[in-house]
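All remarks here apply to the structure that follows.
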Amino acid sequence: MKGLKKTFSELKHYPTAIVGLVIITLLIIMAAATIIFLPYREAKILWRGDEATTYLNPVNARPTWTNLFRKEKWPESFDIRFSENENVVKTVLPKEADAPEGKTVTELKYSFDYNYGEFPQEMILYFEGTYTNSKPFVEVSILTPEGRDIKIIGKGVAATETYRFNQDMKLEAKLGEKTSLVGLFSTINPEDPKVPEVAKGTYTMTLLVQTFADGDSVDAELVMHGLVYGFAGTDHKRRDLTTALLWGAPIALLFGLLASVGVSVLSMVIAAYGVWFGGWIDALIQRITEINMLLPFLAILVMIGTFYSKSIWVMLGATILLSIFAASIKTYRATFMQMRSASYIEAAQTYGASNNRIIFKYLIPRIIPLLIPGLVLSIPGFVFLEASLNVLGLGDPVLPTWGKIISDAYYQAALYNGNYYWIIQPSVLLMITGLAFAMVGFSLDRLFNPRLREQ
Numbered sequence: 367m368k369g370l371k372k373t374f375s376e377l378k379h380y381p382t383a384i385v386g387l388v389i390i391t392l393l394i395i396m397a398a399a400t401i402i403f404l405p406y407r408e409a410k411i412l413w414r415g416d417e418a419t420t421y422l423n424p425v426n427a428r429p430t431w432t433n434l435f436r437k438e439k440w441p442e443s444f445d446i447r448f449s450e451n452e453n454v455v456k457t458v459l460p461k462e463a464d465a466p467e468g469k470t471v472t473e474l475k476y477s478f479d480y481n482y483g484e485f486p487q488e489m490i491l492y493f494e495g496t497y498t499n500s501k502p503f504v505e506v507s508i509l510t511p512e513g514r515d516i517k518i519i520g521k522g523v524a525a526t527e528t529y530r531f532n533q534d535m536k537l538e539a540k541l542g543e544k545t546s547l548v549g550l551f552s553t554i555n556p557e558d559p560k561v562p563e564v565a566k567g568t569y570t571m572t573l574l575v576q577t578f579a580d581g582d583s584v585d586a587e588l589v590m591h592g593l594v595y596g597f598a599g600t601d602h603k604r605r606d607l608t609t610a611l612l613w614g615a616p617i618a619l620l621f622g623l624l625a626s627v628g629v630s631v632l633s634m635v636i637a638a639y640g641v642w643f644g645g646w647i648d649a650l651i652q653r654i655t656e657i658n659m660l661l662p663f664l665a666i667l668v669m670i671g672t673f674y675s676k677s678i679w680v681m682l683g684a685t686i687l688l689s690i691f692a693a694s695i696k697t698y699r700a701t702f703m704q705m706r707s708a709s710y711i712e713a714a715q716t717y718g719a720s721n722n723r724i725i726f727k728y729l730i731p732r733i734i735p736l737l738i739p740g741l742v743l744s745i746p747g748f749v750f751l752e753a754s755l756n757v758l759g760l761g762d763p764v765l766p767t768w769g770k771i772i773s774d775a776y777y778q779a780a781l782y783n784g785n786y787y788w789i790i791q792p793s794v795l796l797m798i799t800g801l802a803f804a805m806v807g808f809s810l811d812r813l814f815n816p817r818l819r820e821q
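As structure tokens, then:
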């Protein structure tokens with residue numbers, strides 16, 4: 367144990383190991399923070415989200431930080447509820463002389479600055495009405511920076527109503543543009559009148575609400591979908607990719623670590639038993655190993671995922687079982703064969719040590735220095751395997767993972783549509799994870815392997 371501590375203390379002399387350990391530490395902190403502050407139940411709801419959880423998110427929006435590299439900024443998403451926002455100016459208009467009893471007219475005004483270089487993706491108004499007999503009536507208009515006062519709609523509001531600007535054909539025809547939002551947010555381009563230009567400045571939306579009984583009311587929520595959103599952007603289902611990027615860390619690390627530890631430890635134990643007992647036991651282990659090395663590993667996993675289950679636990683178990691009898695058993699066997707005839711083993715037999723004591727007390731501890739570098743170096747392979755299964759459509763459909771993001775991006779033609787962020791972000795995280803474990807693993811191999819250490 368002292369020798370092991372001394373060896374690990376020597377890692378500080380290897381810059382690559384230090385960098386790798388720092389990255390791994392950050393990944394572990396990221397994974398732990400995700401589990402604590404974004405519990406799995408909440409993450410599952412966000413990732414499998416319906417309209418109620420994703421209606422505030424735009425479709426295929428790039429990350430907000432991409433605006434740092436643009437001269438003309440792309441619009442960011444925002445939403446406001448008229449009854450709760452302090453910037454909404456509420457005015458109850460005087461009653462007309464011939465107004466029926468109980469009728470009230472309320473004016474709601476909200477102003478916002480729009481100084482972006484592109485048009486918004488979508489703008490939506492959600493209405494909630496409360497009434498006794500007659501439905502409240504709402505008139506919506508927008509005052510542009512150029513002074514155009516454009517009437518949008520006038521309609522009665524039931525319990526819930528939704529108005530989407532880009533789906534209003536009448537408004538589109540009135541504005542004479544390809545989409546309603548282009549007509550609302552555009553001005554004449556002096557260089558090319560046929561190409562609309564964004565009219566930058568302050569826009570004011572006015573809601574004129576008429577209610578017809580005491581206690582009747584109307585609340586509205588304005589949602590503007592921009593072209594950028596959040597730290598990681600969104601996908602085709604309006605899901606925030608931050609959820610999958612964060613939860614991909616604990617899932618990838620857990621899968622890689624469990625598979626690596628399970629395969630390494632079990633292979634070592636099986637090899638130790640085969641060498642110690644010898645005979646038909648050792649022969650059987652070697653024949654199983656040779657047969658297993660010929661089997662198509664990935665093809666078997668594909669069959670299990672297709673015909674049985676795509677659960678991550680089933681895939682993890684199958685991965686460990688198929689990887690136990692691998693070439694590493696023969697490596698461990700060669701080392702154990704040299705140790706079997708050592709004097710301390712004969713001494714242990716002389717004073718009557720049991721077979722299990724000899725295997726776990728005298729054989730296996732001596733080979734741990736050989737185990738540790740291989741264990742660390744095998745983690746990236748299993749991390750990439752989990753991602754590959756997702757890309758092939760064999761990943762757990764419930765879990766938000768890095769591989770799932772890449773899979774969705776592929777099937778939605780993200781590269782063809784210019785949504786590079788969709789693939790680059792999870793791919794970079796996978797490469798950083800693999801690189802970190804590789805740097806630490808190679809440094810450990812150099813420390814534990816005397817031949818490499820002398821070079």
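In this note's numbering, the protein residues as written are 367 to 821.
A virtual CB, placed ideally from N, CA and C, is assigned to each residue, including glycine.
Between the alpha carbons of L509 and F750 lies a gap of roughly 54 Å. Rounded to whole angstroms, the separation of the alpha carbons of Y476 and E587 is 11 Å. Beta-bridge pairing by DSSP links I516 to I508.
D606 and K439 have their C-alpha atoms roughly 20 Å apart. Only residues of its own chain outside the window of five on either side were considered, and among them K439, W440 and V594 have a CB closer than 7 Å to the CB of N433, listed in chain order. At least 7 Å separates the beta-carbon of T572 from that of W413. A Cβ-Cβ separation of about 5 Å places I745 in contact with F803 under the 8 Å criterion. Looking only at F643, T570 and A525, the smallest Cα-Cα distance to D515 is reached by T570.
Selection F621, A692 and A398 evaluated against L660 yields A692 as nearest (Cα-Cα).
Distance from the CA of Y406 to the CA of A700, rounded to the nearest whole angstrom, comes to 44 Å. The beta-bridge partner set that DSSP reports for K521 consists of V504. Among the bridge pairs identified by DSSP, D606 is matched with T600.
As DSSP reads the structure, K456 sits in a beta bridge with L474.
Only residues of its own chain outside the window of five on either side were considered, and among them L612, W613, A615 and P616 have a CB closer than 7 Å to the CB of T400, listed in chain order. Take the alpha-carbon of S677 and the one of L623: they are about 17 Å apart. Judged by DSSP in its simplified three-state form, F444 adopts strand. The DSSP assignment places no complete beta strand (DSSP E) segment of no fewer than 3 residues inside the stretch 397–422. The residue from L574, S375, L687 and F578 with its alpha-carbon nearest to that of E467 is F578. Here S500 is not near D585, since their CB atoms are 7 Å or more apart.
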